[in-house]
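Each remark here refers to the structure printed beneath this line.
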Amino acid sequence: MTRNIHPVLIALTVLVFIFLVGPLVIVLGAALSDTSYLTFPPQGLSLRWFENIFKIEAFRRTIVTSLEIAFLSTGIALLVGVPAAYALNRYRIQLPGWLSTLFILPVLVPELVLGFSLLKNVATQFHAPIFVSLVLGHSLLVLPYVVRVISASLAAFDFSIEEAAISLGSPRLKTFFTILLPNVRSGVIAAFILAFITSINDVSISIFLTGPGISTLPIQILAHMEQFFDPTVASVSVLLMGLTVAVMAAVERTLGLTFFAK
Amino acid sequence: MTQALSIQKITAHYGTTKVLEDLSLEVAEGELVSLLGASGCGKTTTLRLVAGFLEPTSGKIELGGKDLTRLPPHQRNIGLVFQNYALFPHLSVADNVGFGLKQRGISGEAKTKRVNAMLERVGLAPFGDRLPGALSGGQKQRVALARALVIEPPLLMFDEPLSNLDAKLRVDMRVEIRQLQRANGTTSVYVTHDQEEAFSISDRVAIMHAGRIMQLDTPETLYQRPANAFVARFVGFENLIPMTVAARDGAGVTAEAAGGVRLTLSQDQFGAIPDNFTLACRADGLAVTAGADGIPATLGLRTYLGRAYQYQCDTPAGHLTANGPLTRPLDIGATAKLVPVPEQCTILAPE
């Protein structure tokens, strides 16, 4: 079977790929440059900017902080989001329609507004520690993703399965863990990854909530760039890309990437 | 082991909507009773109340003399078979069947033995290791049946278990269900909207409408002697003719319908006839004849049923549906007399 593909379509496809992959190539090139300023194509090859990340204490510290915040906020969002998504789907008929909208509200509200109101209310009003307000802010930020993704996988779940388990003698709560969760496992994993990546990448909320002594990686990258404009930021970006690729590879291995395309 | 179910005057609401009103139902030990009715009649609600997934507003549910009404569903020990099978997709067939045993603390050899024996009984012995996704609809429903039966529940309940299967399989499966139920002697409640299914499988059938049981009887009685107009229509009495007795002469009764139509009916054939009654006739119960007696009719549309011709008839007593012999098809506009055939008619007392 042969199919004629229109040359314009081929050209467009190539253009889109260049548009998508091009910046990544440029960042990688800049990270490897031996110069002390950002440039492309790289002049000379060197790994010293990668070394530099770990020499600068602020980068070391913010990488750890970012990971801590991502894990904690994703964990909180899952603890709140999974039961919420369950209730929204299980009792869809009994619950008012606006309730599910409430859970996607943080995505609809501009992140800057969210960040500012968190600063005003949580950080300033209640004098919450910076780390705590960051975790809370990020939990709020990623909660909609968790609720949406878990809801999507619950939409395909037949709740009479749960009733079957209960009728066979399994208490409600136990049924949730032994029957329901295993059947939305892939949804939970997808929600975790999506939330984790969103938290790691966040700038708009973090910029309001970071303060003396505590910062996240993206904020540190911004700060570093303002001061130095050297290839360190490019090499940090390459590290982040590497992390994403590693996560995606792990997903591909366990679930298959098509899961996200569904 | 098997126990009688007693539902006493339960009323149930969805929000503020009343879905069941003062419903009472007794199912004897080992008996299979069907709840039959259109969607929204309250049959599934009744089943869910007994299962414990809904709570009644008032009333009482007893199983084997023990009050179930406020017992959480997982403590009720009732076997349930669902319309969409509701198998656990992530567990193998054997683990699905063994799930209830596991909850009862039965494990290891004892569990394996009972699971295998059950799979053997439903003809799925070689499928224990498969996941439910790899089974056909009929096989899935067999697994669901095995899973409900293996815990040896005192009560089995079926919620439209065959409606997702194709017509032929449905007939095979209902025979199989009845055989298993008979062999175990398990008290059973069977919810369906399919009249043939309910009648063929049940000891007694409750025909439900608008949250109430319209009649609870054996299939034979329901089919031949419906108690009211609703049930009569439900079991296929297409013609309901309100009549008043004009004269009585021994066993013979002359009664009059609208439009001055007069019929002479024998109480030997129709049973006792009250002064006001409704004559209910199936289409087969109104013979299209060329005689002098009967309801004068002008024939309308003729359809072919295979065993007879069916006519839509205009009569002084209103629109009627009657069947005529294959030997003599009549055209639209022809006139004839419609004569009640006692075996296909019944007398309904005023409600």
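Protein sequences, first through last, are from chains U and P. Residue numbers in the first sequence follow my numbering, run continuously in steps of one, and reach 827 at the last position. Residue numbers in the second sequence follow my numbering, run continuously in steps of one, and reach 1028 at the last position. Backbone N, C-alpha and C fix where the C-beta goes; we use that ideal spot for every residue, glycine too. Just so it is clear, the structure is predicted and the values come from calculations on it, not from any experiment.
Interface residues of chain U around residue i at Cβ under 8 Å?
i, result
"P:F907", "Within chain U, no residue comes near P:F907; the closest Cβ sits about 29 Å away, beyond 8 Å."
"P:G810", "Within chain U, no residue comes near P:G810; the closest Cβ sits about 12 Å away, beyond 8 Å."
"P:A763", "D723, S725, I726, E728, A729"
"P:I828", "L733, G734"
What's the C-alpha gap between residue i and residue j?
i, j, result
"P:G782", "P:V758", "22 Å"
"U:P572", "U:V590", "26 Å"
"U:V592", "U:F773", "27 Å"
"U:A826", "U:A814", "In this prediction, U:A826 scores a pLDDT of 49, lower than 50, which makes its location untrustworthy; the coordinate-derived value is nonetheless stated afterwards. So the two alpha carbons sit approximately 15 Å from each other."
"P:V938", "P:V908", "25 Å"
"P:M850", "P:A844", "10 Å"
"U:R626", "U:H789", "14 Å"
"P:S784", "P:R881", "38 Å"
"P:L846", "P:Q760", "14 Å"
"U:N617", "P:R807", "55 Å"
"U:I658", "U:L719", "15 Å"
"P:I918", "P:E1028", "14 Å"
"U:L699", "U:I779", "10 Å"
"U:T781", "U:N766", "9 Å"
"P:M885", "P:K695", "15 Å"
"P:P1006", "P:C1022", "23 Å"
"P:A961", "P:V1018", "Note on residue identity: the sequence assigns Asp, not Ala, to residue 961 of chain P. The alpha-carbon atoms of P:D961 and P:V1018 are separated by roughly 8 Å."
"P:L768", "P:P809", "8 Å"
"P:T998", "P:E706", "42 Å"
"U:F615", "U:T797", "7 Å"
"U:P671", "U:S631", "20 Å"
"U:L808", "U:D723", "36 Å"
"P:N861", "P:V868", "19 Å"
"P:A794", "U:N569", "60 Å"
"P:A924", "P:G995", "22 Å"
"U:S751", "U:F681", "34 Å"
"P:R753", "U:K739", "16 Å"
"P:I828", "P:T898", "34 Å"
"U:A652", "P:G977", "57 Å"
"P:T921", "P:K737", "42 Å"
Quick test of your reading: residue i and residue j, contact by CB under 8 Å. State the CB separation rounded to the nearest angstrom.
i, j, result
"U:S769", "U:E676", "4 Å"
"P:V799", "P:L822", "6 Å"
"P:L702", "P:I878", "Rounded, the Cβ-Cβ distance is 17 Å, inconsistent with contact."
"P:T992", "P:L1015", "7 Å"
"U:A596", "U:T604", "Not confirmed; about 11 Å, so no contact."
"U:L708", "U:A642", "5 Å"
"P:T789", "P:L833", "The Cβ separation is near 23 Å, so there is no contact."
In chain U, what lies closer than 9 Å to residue i by C-beta?
i, result
"P:H767", "I744, P747, N748, R750"
"P:F730", "E728, I731, S732"
"P:I755", "S732"
"P:P831", "Near P:P831 there are no residues of chain U at all, since even the closest Cβ is about 13 Å away, more than 9 Å."
Give the interface partners of residue i over in chain U, defined as CB-CB distance under 7 Å, in chain order.
i, result
"P:R781", "G734"
"P:H690", "Going along chain U, no residue has its Cβ under 7 Å from P:H690, so there is no contact; the nearest lies around 13 Å."
"P:H870", "By Cβ distance, chain U contributes nothing, its closest Cβ being about 17 Å from P:H870, past 7 Å."
"P:R750", "The amino acid at residue 750 of chain P is misidentified as Arg; the sequence shows Pro. Correct list: I731, S732."
Does the CB of residue i have a neighbour CB from chain P at under 8 Å?
i, result
"U:E728", "yes"
"U:I762", "no"
"U:K827", "Reliability fails at U:K827, whose pLDDT of 44 lies under 50, so the model's placement of it is uncertain and the value that follows must be treated cautiously. Not one chain P Cβ lies under 8 Å of U:K827."
"U:T600", "no"
Please tell me whether, using a cut-off of 7 Å, the distance from the CB of residue i to the nearest non-hydrogen atom of the ligand NAP is below it.
i, result
"U:A811", "The ligand NAP is not among the ligands present in this structure, which contains no ligands whatsoever."
Taking 8 Å as the CB-CB limit, is residue i close to chain U?
i, result
"P:N861", "no"
"P:G742", "no"
"P:G719", "no"
"P:G777", "yes"
"P:F759", "yes"
"P:I890", "no"
"P:H886", "no"
"P:P1002", "no"
"P:H996", "no"
Chain P contacts made by the region 707 to 725 of chain U, where a contact means CB separation under 7 Å:
Result list: D723, S725.
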